[in-house]
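Line order of the protein sequences matches chains A and B.
The opening residue of the first sequence carries number 1 in the UniProt record's numbering; numbering runs sequentially from there.
The opening residue of the second sequence carries number 1 in the UniProt record's numbering; numbering runs sequentially from there.
For each residue, glycine too, the CB sits at the ideal point set by N, CA and C.
Everything numeric in this text was worked out from a predicted model, so none of it was measured.
Reviewing the structure listed below.
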Amino acid sequence: MAAPESGDGNNGAARMVTLISSDNTRFEVEAAAASLSQTLQLTILDGGGGGGDGIPLPNVDSATLSKVLEYCIKHAPAAANGGAPNATAVDRAELERFDNEFVNIDQSVLYSLIMAAHNLEIEGLQSLVAKKVADMIKGKSPMEIRRTLGFPDPTPEEQAEMNAHMLEYGWAYE
Amino acid sequence: MGERMALVTGVVSRVKHVQLSSVLLIGHDEDSVVHDFGPEWCTYGQILTLTTNFVFAPWCLCTRERSSSFASARVIILQQLAQSERWWLPGRVDARLLFDRMPVKRRSVKGKGSLPPAASGDRLGTLPDDVLHHVLSFLPAQDAVRTCVLAHRWVHLWKSATSLQIVRRDVDGPRSVKAVREFVDHLLLLRGSSPLDTCKLSLSDFEEDDMSRMKLWIRHILMCKVRVLSLDICDHKLLDFSFCPALEVLEIDDSDLSCADNISSESLRCLSISRNCYFDEYSRTHIYAPNLHSLRLEIGNHRTPFLARMPSLMEAFITLCDSNRDYCESTYSGDCEDDSCFACYDIPSDTENCVLLQGLSEARNLALMADVEIFIFRRDLKSCPTFGSLKYLLLNEYWCVPADFSALAYMLEHSPILEKLTLQLFSEGPKFNVEMRGIFDPTERSAAISEYLKIVEVKCEVVDDRVLDVLKFLSKLGISGN
Numbered sequence: 001m002a003a004p005e006s007g008d009g010n011n012g013a014a015r016m017v018t019l020i021s022s023d024n025t026r027f028e029v030e031a032a033a034a035s036l037s038q039t040l041q042l043t044i045l046d047g048g049g050g051g052g053d054g055i056p057l058p059n060v061d062s063a064t065l066s067k068v069l070e071y072c073i074k075h076a077p078a079a080a081n082g083g084a085p086n087a088t089a090v091d092r093a094e095l096e097r098f099d100n101e102f103v104n105i106d107q108s109v110l111y112s113l114i115m116a117a118h119n120l121e122i123e124g125l126q127s128l129v130a131k132k133v134a135d136m137i138k139g140k141s142p143m144e145i146r147r148t149l150g151f152p153d154p155t156p157e158e159q160a161e162m163n164a165h166m167l168e169y170g171w172a173y174e
Numbered sequence: 001m002g003e004r005m006a007l008v009t010g011v012v013s014r015v016k017h018v019q020l021s022s023v024l025l026i027g028h029d030e031d032s033v034v035h036d037f038g039p040e041w042c043t044y045g046q047i048l049t050l051t052t053n054f055v056f057a058p059w060c061l062c063t064r065e066r067s068s069s070f071a072s073a074r075v076i077i078l079q080q081l082a083q084s085e086r087w088w089l090p091g092r093v094d095a096r097l098l099f100d101r102m103p104v105k106r107r108s109v110k111g112k113g114s115l116p117p118a119a120s121g122d123r124l125g126t127l128p129d130d131v132l133h134h135v136l137s138f139l140p141a142q143d144a145v146r147t148c149v150l151a152h153r154w155v156h157l158w159k160s161a162t163s164l165q166i167v168r169r170d171v172d173g174p175r176s177v178k179a180v181r182e183f184v185d186h187l188l189l190l191r192g193s194s195p196l197d198t199c200k201l202s203l204s205d206f207e208e209d210d211m212s213r214m215k216l217w218i219r220h221i222l223m224c225k226v227r228v229l230s231l232d233i234c235d236h237k238l239l240d241f242s243f244c245p246a247l248e249v250l251e252i253d254d255s256d257l258s259c260a261d262n263i264s265s266e267s268l269r270c271l272s273i274s275r276n277c278y279f280d281e282y283s284r285t286h287i288y289a290p291n292l293h294s295l296r297l298e299i300g301n302h303r304t305p306f307l308a309r310m311p312s313l314m315e316a317f318i319t320l321c322d323s324n325r326d327y328c329e330s331t332y333s334g335d336c337e338d339d340s341c342f343a344c345y346d347i348p349s350d351t352e353n354c355v356l357l358q359g360l361s362e363a364r365n366l367a368l369m370a371d372v373e374i375f376i377f378r379r380d381l382k383s384c385p386t387f388g389s390l391k392y393l394l395l396n397e398y399w400c401v402p403a404d405f406s407a408l409a410y411m412l413e414h415s416p417i418l419e420k421l422t423l424q425l426f427s428e429g430p431k432f433n434v435e436m437r438g439i440f441d442p443t444e445r446s447a448a449i450s451e452y453l454k455i456v457e458v459k460c461e462v463v464d465d466r467v468l469d470v471l472k473f474l475s476k477l478g479i480s481g482n
C-alpha cells in the first residue's frame, strides 16, 4: 500500500527511516524499530521517513531521541515475534535486565523520556518509565515523595493545604 | 472537479482519546458535506480503510462537535494525508502540527528540548493526566490515594485513574478484609463510578462476615465497567458477570468457588483459574463463556467444572491435579452405571455428556495435562468429541500410560488438521533433559492421522521403559526420530 515512488524498497536489507530531532540531528534506524512508536507507524506505513526526507520530531531533542531509539532497537525483534510466545526465558531475562538498567537514569532524563514515550506512543517504554516513577513513590511519606521527585519545598500555604488533606484523607493513612 | 480515488490505510488508535460522535468531510464550497463518517469510524483501534472519490481540502475536515481534544486527532489525520501522494492537497501541511498537542512544546519554545535542571522543580506536575494515571496504575491503592496530598494538582487525580490495585501494600502490610475495610469503603465511595479498565483485588484473609462486604466491592468494581479483573477472593454465587458487558479478562486465584453454581459472562475473552481455587465437593460449577479466546484452568480441589461450548477458543491450558474429586471407585473411565455417582454422571442433560472436552473441542491450541488417577478425560472421550480446529496439541503421560495408548490414539484420530503434537512425559518442565523430535515416514503413515501433522516432540527427563513404550507406539504410526 505504500506509495511506490518513495523508492526505499522493503526488499533485501531492512528498510531504514530517518528521524530528525528538535536540534536537527538525523537518526537513521530500521523502520521496524521506529514503528514501535504508534505515532510514527502511521507515517512509516505510508512510506514516509525514507531517503532524504526524514520525519521531523520537533519536540524530542537528540539526547532523548537517541535514548528512545536505544530502547526501540533492543525491543524491536521481540515485538516482531509478537512478544512472548517465541521468546526464550533467556531472551526475556536479557530484556528485563536491559530495561532495569535503561531506567537507571537521572530524573531530568527520565522526564524527557516520559514525554517522548507518551508523544511517540511507545507502549512498552511508557509502561517502563511509568513503573519507574511509581517505584520512586511506593511506600514513601508525602514529604519523602516530594523530595524524591524534586518538588520545591512547600510554601506555608501549601503546607497548610497538605495538612488539611492529610486530615481529610486520614482513612488512607491507617 | 478533478475526481480522484483516495485511499488511506492506518490504525486509528491515534484517536482513542477523542470524544466525538462523527466526522464530516466537507467539500470545496465549504457547505456541502462530502462524506459523513459515523461513530464507528472513530472506534478505538479499528483499522481504517476508507475509500472516497471526492477531493477535499484538509482544513475542511472537521467534527460536528468541535472540542479541543479533537484538534490532535485532526492534525494526525492531516499529517497522514499530507504524507500521501494519493491525496490531493491544496497546500503543504506542516508536520509540526502533529506535535501541536505536546505540552512541553508550549513550555520550551526556545529551549529546544529538555528543560534545564533548575526548572525541574515539579516536572512531574507538568506531565499530562493520562501519564500520571499510568504511574498511579503501578501503585497499590493506598500509595495511589496518598499522592492526593502531594500538590494541588494531585488532590483528585487518583479518583480518575482507570487502574486499581487493592492489594497488600508490602509484605508486612495488612491482608485481612477487616484491616482494610474502612480504606476500601472510602476508596470506592469517593472514586464513585469513574470508569475502570483494570482492577486487582487480592486480600486473602477473610471471614464469613466479610463476605457481604466483599460482594459489595466486587459489584461496585463491575459497575465501573472494568475490563480486566483479577481476584483472589471470591464470594458465594458472585460469579455471574453477565451484568458487566465490559469485562474481558478475569483471573481468579486463591478463591473459594465452592458455592459458585455458574461462572458466566458473554463478554469474557480470557479466563484463568488457578489451582489454589476450591470448587464445590458435590455439585459441578458450570462455566459459560461462549466468547472466550483463551482459557487457563488448573483444577486442584474438588469437582471439575463443566465447560459449555466456546466456538472462538484459540488456546486452552487445562491441568487436573490428583486432589481432584472426580474419581469413581467402581470404574477406570467412568460409566459405573450407578446414577447417583457424582463423578460418572451429573452432567447437564442437554449436552453431550462431556465435562471438559466438548467445550474445548473447537480450540486451536490445546494443552491437556492430568494426573493418571483422574478419569475425567477418559470419561469424556466416550462421548466422542472431535477437535476440528486443533493445530497444536500438548499432552502429558496421562494419555499414554500405563502402556495404554487408546486415549492418545483417539486424540490423534479425531484431530483432522493437527500440525504439531508434543508429549511431555513424567516431567513438568519447563526444562527437560531429553527432547526428541519425530517425523513421519510417508510410506508407513497411518491413514487415520492428520495429513498435516508434521512434528511430534517427546520431552522427558530420562528415557526409561515407559518412554520407550511411547516411542514404540509412535513408530507404529509411522513416526520416527530424526
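Beta carbon proximity, residue i to chain B, threshold 8 angstroms
i: H165/A; result: yes
i: Y71/A; result: no
i: L95/A; result: no
i: R146/A; result: yes
i: M162/A; result: yes
i: K131/A; result: yes
i: E174/A; result: yes
i: G83/A; result: Model confidence at G83/A stands at a pLDDT of 46, short of 50, so the residue's coordinates are unreliable; what they give is reported in the following sentence. G83/A does not count as touching chain B.
i: F151/A; result: yes
i: I114/A; result: yes
i: A32/A; result: no
DSSP beta-bridge partners of residue i
i: D253/B; result: DSSP output for D253/B lists no bridge partner at all.
i: T39/A; result: Partner(s): none; T39/A has no beta bridge.
i: I376/B; result: None, per the DSSP bridge assignment.
i: M369/B; result: T319/B
i: D205/B; result: S176/B
i: E94/A; result: According to DSSP, which records beta bridges pairwise, E94/A is partnered with nothing at all.
i: C199/B; result: L164/B and L229/B
CB contact below 8 angstroms: residue i versus chain A
i: K459/B; result: no
i: T147/B; result: yes
i: R153/B; result: no
i: Q142/B; result: yes
i: R378/B; result: no
i: P128/B; result: yes
i: E248/B; result: no
i: H220/B; result: no
i: F432/B; result: no
i: V226/B; result: no
i: R168/B; result: no
Residue i (DSSP reduced to helix, strand or coil)
i: M436/B; result: strand
i: Y410/B; result: helix
i: L390/B; result: coil
i: P56/A; result: strand
i: L313/B; result: coil
i: T52/B; result: Residue placement at T52/B is flagged as unreliable, the pLDDT there being 30, under the threshold of 50; the coordinate-derived value follows with that caveat. Reduced to three states, the DSSP call for T52/B is strand.
i: R296/B; result: strand
i: K132/A; result: helix
i: K476/B; result: helix
i: S272/B; result: strand
Residue span of the alpha helix (DSSP H) that contains residue i, given as start and end
i: L222/B; result: M211 to M223
i: N163/A; result: P156 to E168
i: A114/A; result: According to the sequence displayed, residue 114/A carries Ile and not Ala. Element bounds for I114/A: Q107 to L120.
i: R181/B; result: V177 to R191
i: Y71/A; result: S62 to A80
i: E144/A; result: P142 to T148
Residue i - containing beta strand (DSSP E), residue span
i: K420/B; result: K420 to L425
i: A14/A; result: Note, A14/A: premise wrong, no beta strand (DSSP E); not H, not E.
i: R26/A; result: R26 to E30
i: H286/B; result: H286 to Y288
Any non-hydrogen atom of the ligand FAD closer than 7 angstroms to residue i Cβ
i: S267/B; result: Because no ligand of any kind appears in the structure shown, any question about the ligand FAD cannot be addressed here.
Cutoff 8 angstroms: residue i Cβ touching any chain C Cβ
i: G139/A; result: In summary, chain C is missing from the structure at hand, where the protein chains are A and B.
Using 8 angstroms as the cut-off, can you tell me whether the stretch 409-417 of chain B makes contact with the stretch 432-442 of chain B, which would need three or more C-beta pairs spanning the two stretches below that distance? no
Does the stretch 418-430 of chain B touch the stretch 391-398 of chain B, meaning 3 or more C-beta pairs lie closer than 8 angstroms? yes
How about the stretch 32-45 of chain A and the stretch 111-124 of chain A: do they share at least three Cβ pairs that are nearer than 8 angstroms? yes
For the pair the stretch 367-386 of chain B and the stretch 445-459 of chain B, tell me if three or more CB-CB distances fall below 8 angstroms. no
Taking three-plus beta-carbon pairs below 8 angstroms as touching, is the stretch 145-152 of chain A in contact with the stretch 56-64 of chain A? no
Meets three-Cβ-pair contact criterion under 8 angstroms: the stretch 208-224 of chain B and the stretch 248-256 of chain B: no
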